Structure formats: C-alpha cells, structure tokens
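Worksheet: the structure to be examined is printed underneath.
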Amino acid sequence: MPLSPSSGRPRRSNPEKSRPSFFWFLAGVALPLSRMMMVIRIENGEKLPRFGPVILAPNHYSEIDPVVIGLAAWKLGRAPRFLAKASLFDVAGLGWLLRSSGQIPVERAGSTRDKDPMAAAARVAEREQVLVVYPEGTLTRDPAIWPMRGKTGAVRLALQHGIPVVPVAHWGTQQVMARYSKKISFFPPKKVRVRFGDPVDLSAFEGKPLDGSTLAAATDVVMTAITRELEELRGEKAPETRWDPSKRGQSETGRFES
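Residue numbers (the working numbering): 81 to 338.
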C-alpha cells in the first residue's frame with residue numbers, strides 16, 4: 081500500500097476508483113474517445129485530495145468542459161459528480177447514464193430537483209465524494225474567455241457543510257470545441273492543460289451569517305483563485321475588472337455570442 085508523504089502512514093485509496101463501479105464503464109467509453117480529441121496534461125494534481133469530500137471549482141467556456149474536468153479528476157483517482165441541468169435527465173439514454181453515475185439534477189432556478197439546494201453538499205460530505213460546481217453558472221461571457229463574475233452556490237455549499245473548495249483552471253479546450261459551437265474537432269488531438277490550485281482559504285467567512293454580502297465576498301475569493309491558475313496556464317494577466325453580464329446588458333443564462 082502506498083505511503084502518505086506527509087505522515088509515512090499507509091495512504092488510504094479511494095474506493096470509487098479501486099472498486100468496480102458504473103464509473104469504470106463510463107471511463108472505458110470516454111477515455112478512448114477523448115484520446116482522439118485531446119491530450120490532457122495535468123499540473124499540480126497532488127492538490128486534489130485523494131479522499132474526503134471536496135468541491136472542484138473550474139472555469140467554464142466550452143460545452144465540453146465537464147468531460148475535461150471529469151477525465152482529469154478520474155486520472156487523479158477521484159470519481160466526480162456534477163450539478164447538471166435537470167432537463168438533461170429527461171433525455172432518453174443520457175438521463176439513465178447521469179442517474180446511474182450519481183450526477184445531481186438542478187433546476188434552472190438553482191435548486192436541486194427535490195427543492196433542497198443543500199442536499200447535494202450533504203451527500204458529498206457524507207459519502208466523501210467530489211462535487212464539481214462551476215461558479216460562473218454558465219459559459220463565460222468575457223470576450224477573451226477569462227472567468228467572469230461568479231455565483232454564490234459553490235461557497236454556500238462549502239461554508240454550510242465545511243467542504244474544501246479546490247480551484248481548477250484549464251486551457252486548450254476551445255481548440256476541441258469552441259464556445260457555443262456544436263462542432264467537435266477530433267484530429268489531430270489538441271493539447272489541453274488542467275491546473276489545480278491550493279484549497280481556497282475561506283476561514284474569514286466561517287461562522288458569519290450566509291447573507292448576500294458574505295457569499296458575494298467569498299465567491300470573489302474563489303473566482304480570484306481560479307483566475308490566478310488560468311493566468312499561469314495562459315502566461316498573461318487577466319483584466320483587473322472581472323466581466324459582469326448584468327452590467328453589460330447580457331442575459332445570465334442561455335447561449336450568447338459576445
């Protein structure tokens with residue numbers, strides 16, 4: 081059994097990766113297909129905890145982003161769960177796959193289908209799973225594809241249930257599937273880099289009322305952490321002011337061409 085580098089004690093392996101599950105079937109299908117489209121390079125993968133509950137907070141600019149993040153998490157030994165649009169669960173075949181792999185249906189308004197928005201985090205904490213939450217809520221509206229203003233769902237889940245938030249950035253996915261495009265480029269495989277950051281320090285917000293002000297401030301800290309990792313991947317600085325659709329006359333949801 082491998083040893084933990086910090087303690088010298090045997091490291092506990094994640095049972096979802098070491099024990100046969102429905103994810104093995106999904107990985108068996110997704111991995112060969114993904115190799116035709118992309119070569120995923122993971123940076124700082126050790127920053128994703130190998131066990132225990134965690135919220136992954138990635139940037140979002142392509143419809144294929146969940147595949148990239150899901151494969152990266154799987155390569156690192158974790159089986160990710162996503163908050164997915166409830167309407168997808170009504171699609172024949174796809175809905176069965178989503179339910180079978182433990183994905184969580186979310187209505188457009190932001191609540192889970194059982195009307196308890198905290199139920200998802202509770203299940204993650206109890207089962208020591210990985211939950212992927214896109215703080216932006218939709219594909220970024222920023223013309224240069226930088227992370228835009230985030231929504232508060234991820235930090236609300238994290239603060240209410242004491243779950244660490246790990247920021248993730250990826251770059252190169254737009255070469256596989258451009259923002260709002262319906263076309264996937266298969267050949268040649270594109271290089272996609274995925275970079276994990278240190279868990280976000282939200283200690284300044286612990287114990288405070290989870291009102292709009294607190295959640296907005298905590299969300300800004302998370303978005304800053306995601307942007308910092310993306311700056312490293314892109315080798316350039318993001319704009320000083322984060323893009324805010326509400327101040328640009330843009331819709332908060334749905335497809336939008338900038």
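Quick reminder that beta carbons are idealized off the backbone N, C-alpha and C, glycines included.
Model, not experiment: these values are computed from the prediction.
Start and end of the beta strand (DSSP E) containing residue 251?
Within the sequence shown, residue 251 is the residue found at index 171, counting from 1. Here the beta strand (DSSP E) through residue 251 covers 245-251.
Any idea which residues DSSP pairs residue 270 with across the strands?
In the sequence shown, counting from the first residue as 1, residue 270 sits at position 190. Per DSSP, 118.
Below 8 Å on the Cβ atoms is my contact criterion, and I expect residue 199 with residue 302 to pass it. Report the Cβ-Cβ distance as a whole number of Å.
Numbered from 1 along the sequence shown, position 119 holds the residue referred to as residue 199. Numbered from 1 along the sequence shown, position 222 holds the residue referred to as residue 302. Rounded to whole angstroms, the Cβ separation of residue 199 and residue 302 is 21 Å, and the two are not in contact under 8 Å.
Grab the span of the beta strand (DSSP E) containing residue 137 for me, first residue to last.
Here residue 137 refers to the residue found at position 57 when the sequence shown is read from its first residue. Looking at the DSSP string, the run of the beta strand (DSSP E) that includes residue 137 is 134-138.
For residue 281, count neighbouring C-beta atoms within 10 Å of its own C-beta (all shown protein chains included) and say buried if the count is 16 or more, exposed if not.
On the sequence shown, position 201 is the one that residue 281 refers to. Of the other Cβ atoms in all chains shown, fewer than 16 fall within 10 Å of the Cβ of residue 281; this residue is therefore exposed.
Let's see if you can read the secondary structure: which residues bound the beta strand (DSSP E) around residue 186?
Looking up residue 186 in the sequence shown gives position 106. For residue 186, the enclosing beta strand (DSSP E) has its first and last residue at 184-186.
For the stretch 215-227 against the stretch 264-283, do three or more pairs of beta-carbon atoms, one drawn from each stretch, fall closer than 8 Å, so that the two count as touching?
The stretch 215-227 vs the stretch 264-283: no contact.
Cβ neighbour criterion (16 or more within 10 Å) applied to residue 113
As a first step, residue 113 is located in the sequence shown; it is residue number 33 there, counting from the start. Answer is exposed; the Cβ neighbour count stays below 16.
Using the DSSP secondary-structure output, state which residues sit across from residue 165 in a beta bridge.
Here residue 165 corresponds to residue number 85 of the sequence shown, with the count starting at 1. Residue 165 is bridged to 186.
Mapping DSSP to helix, strand and coil, what is residue 308?
As a working mapping, residue 308 is identified with position 228 in the sequence shown. Residue state, collapsed to three classes: helix.
Assigned secondary structure, residue 325 (DSSP; H/G/I helix, E/B strand, else coil):
Locating residue 325 in the sequence shown gives position 245, where the first residue counts as 1. Correct three-state label for residue 325: helix.
Coil, strand or helix - residue 195 by DSSP
Taking the sequence shown and counting its residues from 1, one reaches residue 195 at position 115. With a pLDDT of only 46 at residue 195, under 50, the local geometry of the prediction cannot be trusted, and no value is derived from it.
Start and end of the alpha helix (DSSP H) containing residue 235?
Here residue 235 refers to the residue found at position 155 of the sequence shown. Here the alpha helix (DSSP H) through residue 235 covers 233-241.
With 16 other CB atoms within 10 Å as the buried threshold, where does residue 167 fall?
What you label residue 167 is simply residue 87 of the sequence shown in a count that begins at 1. By the neighbour-count criterion, in which 16 or more other beta carbons inside 10 Å mark a residue as buried, residue 167 falls on the exposed side.
Take residue 155 as the anchor and find which of 125, 142 and 131 has the nearest alpha-carbon.
Start at 1 with the first residue of the sequence shown, and residue 155 comes out as number 75. Distance from the Cα of residue 155 is smallest, within the candidate group 125, 142 and 131, for 125.
Reference residue 271, options 261, 256, 285 and 263, closest by Cα
What you label residue 271 is simply residue 191 of the sequence shown in a count that begins at 1. Among 261, 256, 285 and 263, the Cα nearest to that of residue 271 belongs to 256.
Going by C-alpha to C-alpha distance, which of 171, 163 and 170 sits closest to residue 183?
The count along the sequence shown starts at 1 and reaches residue 183 at position 103. Checking every option, the nearest Cα to that of residue 183 belongs to 163.
From residue 294 to residue 214, what does the alpha carbon distance come to, in whole angstroms?
Numbered from its first residue, the sequence shown carries residue 294 at position 214. Numbered from its first residue, the sequence shown carries residue 214 at position 134. Here the alpha carbon of residue 294 sits roughly 19 Å from the alpha carbon of residue 214.
Collapsed DSSP secondary structure at residue 314 in the structure displayed:
Translated into positions along the sequence shown, residue 314 becomes position 234. Note: residue 314 maps to helix in three-state DSSP.
Since residue 160 sits in a beta bridge, which residues does DSSP pair it with?
Within the sequence shown, residue 160 is the residue found at index 80, counting from 1. Here residue 160 is bridged, per DSSP, to 210.
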